[in-house]
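A.B. asks: Sending over a structure as structure tokens; questions will come in a sec.
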Amino acid sequence: MRSHLLNDLTAERYRRSVTEGVERVAARLAATDRPFTGVTAGELAPRIDRIDLDRPLGDTTAALDELEEVYLRDAVYFHHPRYVAHLNCPVVIPAVLAEAVLSAVNSSLDTWDQSAGGTLIERRLIDWTAARIGLGPGADGVFTSGGTQSNLQALLLAREEAKTDDTARLRILASEASHFSVRKSARLLGLGPDAVIAVPVDHDRRMRSLALACELERCRREGLVPMAVVATAGTTDFGSIDPLPEVARLCDRFGAWMHVDAAYGCGLLVSPTRRHLLTGIERADSVTVDYHKSFFQPVSSSAVLVRDAATLRHATYHADYLNPRRTVAERIPNQVDKSLQTTRRFDALKLWMTLRVMGAEGVGRLFDEVCELAREGWRTLAADPRFHVVAEPALSTLVFRYIPAAVTDPAGIDRANLYARKALFASGDAVAAGTKVDGRHYLKFTLLNPETRPSDLAAVLDLIAGHAEQYLGESLDRAS
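Right, dumping it as structure tokens:
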């Protein structure tokens, strides 16, 4: 069994095995003609259940053959231009190369003596990102597993910085369109069920600054402590960007920590044409970024940034076997001192390789392309009487709903849209997402693939309309 360990004696076997795996994936990518096969859980589960994990195949080729049957053939492929569902991006080759490197070397980014140069690369990327945001010379941060963890850590710091020991008085203010992780974080931080105040949004699903001011005033009157205001730069459903300068002014006025959840909108940091949409983010106390959304990185590649490096002390714990206190005086750079995680992958290498090969502007141009595609899609939807589109996109999402000419019952329209999305997924021809707007069911395109064309969007819209019309026709037949 030692022959399977990666070391100096097995380097050639490693090369052959990885090459064979890469060739399988490359062949599958080249042959993929739709984003999904339409396989159901009921069809796939028995294939996986039949595999006896206590009887190994003993051969890489045989294991890859089996993997074709249980995974590669039926995976959902984000690189396909008609995958337009969730915030999943196609990935760039330099980042995939880095993934192979970091997995093989297997550095752990918690302490210097497990990572060496990996620590310095991560720190350099944090400094680079903080500079792009404009947080100032005292900024710092750390890579995380994703936006949910980043939001949790930011709100932990905000809680510890709040000017009260009475957690029952603490409040977090976030827009109605903010990410669910804000409420989840409040619960994990031991705050009460009323801790998160939902601030109303405008027609474009942006936080209403006047409503935020009113809620902050109410907190003051009632003796509550506004622990944090979470402004979103790219909401999950609409890509909306809250009015960051106004939020910053109100946070200054009321002494609230300003957190910007830019998990989606962080791609604007490298946009050659749209960086101005993030004006005001430089005034934040903390910022969430997800490179694995709008920087075209493989999951996971994310970070939380803070204006004041000293606030990261609230996540610091010392263990004698890992990062004893003396290492601080010795100026040993242990990243675990800043992180909620202990063992942590060298995910920063993916962004490093991307920037060194493509450059920041190259990434930004790709993000600009999908933002422009969304604007074209919005114009198409606005001109198509079959659909109602909710809001003009700020980034690259479109929320819309099929409106049949002969049906006026909102519940019936809901059912038609739900059916259309389900039928589209089952066909495998395209994958779209769904959400609710004002209690009604809508469909959603999340556009993160620069290879998607307006003709792809038009084709998917026709498929959606066709499935909805089929459902409505069958419903009328059943009713007659």
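Plus 1 on top of the position in the sequence shown (first one is 1) and you've got the numbering used here.
The beta-carbon is built from N, C-alpha and C at its ideal position, and this holds for glycine as well.
All values reported here derive from a predicted model rather than from experimental measurement.
Looking at V358 and V85, is the spacing between their C-beta atoms short of 9 Å?
C.D. replies: Contact flag unset, no.
A.B. asks: Name the DSSP beta bridge partners of G435, please?
C.D. replies: G435 is bridged to L444.
A.B. asks: Looking at N152 and V231, is the spacing between their C-beta atoms short of 9 Å?
C.D. replies: The answer is yes: Cβ separation under 9 Å.
A.B. asks: If we ignore side chains and look at the alpha-carbon of each, how far apart do A257 and A163 end up?
C.D. replies: A257 and A163: Cα-Cα distance of roughly 8 Å.
A.B. asks: Nearest to R219 by CA position, among S182, L174, R454, is which residue?
C.D. replies: Taking only the C-alpha atoms, the option nearest R219 is L174.
A.B. asks: Return yes when the Cβ of V183 is within less than 9 Å of the Cβ of T197, no when it is not.
C.D. replies: Sequence inspection shows Val at residue 197; the Thr mentioned does not correspond to that position. Yes; because the gap between Cβ atoms is below 9 Å, this pair is in contact.
A.B. asks: What does the alpha-carbon distance come out to for the pair E67 and T20?
C.D. replies: If I take the Cα positions, the gap works out to 17 Å.
A.B. asks: Given that a residue counts as buried once 16 or more other Cβ atoms are within 10 Å of its Cβ, and exposed if not, what is V106?
C.D. replies: Looking at its Cβ environment, which holds fewer than 16 other Cβ atoms inside 10 Å, V106 is exposed.
A.B. asks: For A175, which three-state DSSP category applies?
C.D. replies: Three-state result, A175: strand.
A.B. asks: To the nearest angstrom, report how far apart T149 and A140 are at their CA atoms.
C.D. replies: Near 21 Å, if we compare the C-alpha coordinates of A140 and T149.
A.B. asks: If you check the beta carbons only, do E123 and F347 fall under 9 Å apart?
C.D. replies: In this structure, F347 lies closer than 9 Å to E123 by Cβ.
A.B. asks: Could you tell me which of R56, R51, H80 sits nearest to E70, measuring between CA atoms?
C.D. replies: Among R56, R51, H80, the Cα nearest to that of E70 belongs to R51.
A.B. asks: Expressed to the nearest angstrom, what Euclidean distance is found between the alpha-carbon atoms of T328 and V261?
C.D. replies: Each residue's Cα considered, the two are about 32 Å apart.
A.B. asks: Considering only residues of the same chain and omitting the five flanking positions on each side of Y1, which have a CB-CB separation below 7 Å?
C.D. replies: Residue 1 cannot be examined here, being either before or after the span of the chain that is shown, 2 to 481.
A.B. asks: For the pair the segment 298–310 and the segment 400–411, tell me if three or more CB-CB distances fall below 8 Å.
C.D. replies: Flag = no, the segment 298–310 and the segment 400–411 do not touch.
A.B. asks: Please report whether the beta-carbon of E283 lies at a distance below 9 Å from any beta-carbon of chain C.
C.D. replies: Although the question refers to chain C, the structure presented lacks it and comprises just one protein chain.
A.B. asks: Residues in the same chain with beta-carbon distance under 7 Å from S272, minus the five sequence neighbours each way, listed in chain order, please.
C.D. replies: Hits under 7 Å: G365, F368, D369.
A.B. asks: Less than 8 Å between the CB atoms is what I'm expecting for T398 and T447, so what's the real figure, rounded?
C.D. replies: About 5 Å separates the two Cβ atoms, so the contact holds.
A.B. asks: Please classify G240 as buried or exposed, where buried requires at least 16 neighbouring CB atoms within 10 angstroms.
C.D. replies: Buried: at least 16 other Cβ atoms inside 10 Å.
A.B. asks: In terms of alpha-carbon separation, which member of A64, Q336, L211 lies closest to I127?
C.D. replies: If we check each option's Cα against that of I127, Q336 comes out closest.
A.B. asks: Classify R1: buried if its beta carbon has 16 or more other beta carbons within 10 angstroms, exposed otherwise.
C.D. replies: As displayed, the chain neither begins before 2 nor continues past 481, which places residue 1 out of reach and without an answer.
A.B. asks: What's the gap between the Cα of F388 and the Cα of R402?
C.D. replies: Between F388 and R402, the C-alpha separation is close to 5 Å.
A.B. asks: Where does K339 land, buried or exposed, given buried means 16+ other C-beta within 10 angstroms?
C.D. replies: Counting Cβ neighbours within 10 Å, K339 comes out buried, since at least 16 surround it.
A.B. asks: State the DSSP-derived secondary structure class of P325, mapped to helix, strand or coil.
C.D. replies: Coil at P325, not helix or strand.
A.B. asks: Judging by CA-CA distance, which residue of L136, L245, E223 is the nearest neighbour of L482?
C.D. replies: One cannot answer for residue 482 here, as it falls past the ends of the chain, which runs 2 to 481.
A.B. asks: State yes or no: is the C-beta of S104 within less than 9 Å of the C-beta of R345?
C.D. replies: Going by C-beta atoms, S104 is not nearer than 9 Å to R345.
A.B. asks: Would you check if the distance between the CB atom of L1 and the CB atom of L190 is smaller than 9 Å?
C.D. replies: Missing from the structure shown is residue 1; the chain here goes from 2 to 481 and no further.
A.B. asks: Could you compute how far the alpha carbon of R276 sits from the alpha carbon of C372?
C.D. replies: Straight-line Cα distance between these residues: approximately 12 Å.
A.B. asks: For the putative contact between A505 and R308, defined by C-beta atoms under 8 Å, what is the C-beta separation to the nearest angstrom?
C.D. replies: Examination of residue 505 is not possible in this model, given that the chain is present from 2 through 481 alone.
A.B. asks: Per DSSP, what are the beta-bridge partners of G142 in this structure?
C.D. replies: Paired residue(s): L306.
A.B. asks: Would you kindly work out how many angstroms separate the C-alpha atoms of L217 and E223, rounded to a whole number?
C.D. replies: If you take the alpha carbons of L217 and E223, they lie about 10 Å apart.
A.B. asks: Quick one: is S456 buried, meaning 16 or more other Cβ sit within 10 Å of its Cβ, or exposed?
C.D. replies: By the 10 Å Cβ count, S456 comes out exposed.
A.B. asks: Scan the segment 347–392 and note each continuous alpha helix (DSSP H) run of 4 residues or more that stays entirely inside, going in chain order.
C.D. replies: With a minimum length of 4 residues, the continuous alpha helix (DSSP H) runs that stay inside the segment 347–392 are 349–358, 361–384.
A.B. asks: Can you give me the C-alpha to C-alpha distance between E331 and G281, rounded to a whole angstrom?
C.D. replies: Spanning the two alpha carbons is a distance of roughly 37 Å.
A.B. asks: Please report the distance separating the alpha-carbon of L278 from that of I134.
C.D. replies: In a straight line, the C-alpha of L278 is about 12 Å away from that of I134.
A.B. asks: Please report the distance separating the alpha-carbon of A159 from that of A229.
C.D. replies: Looking at the two C-alpha atoms, the distance is approximately 6 Å.
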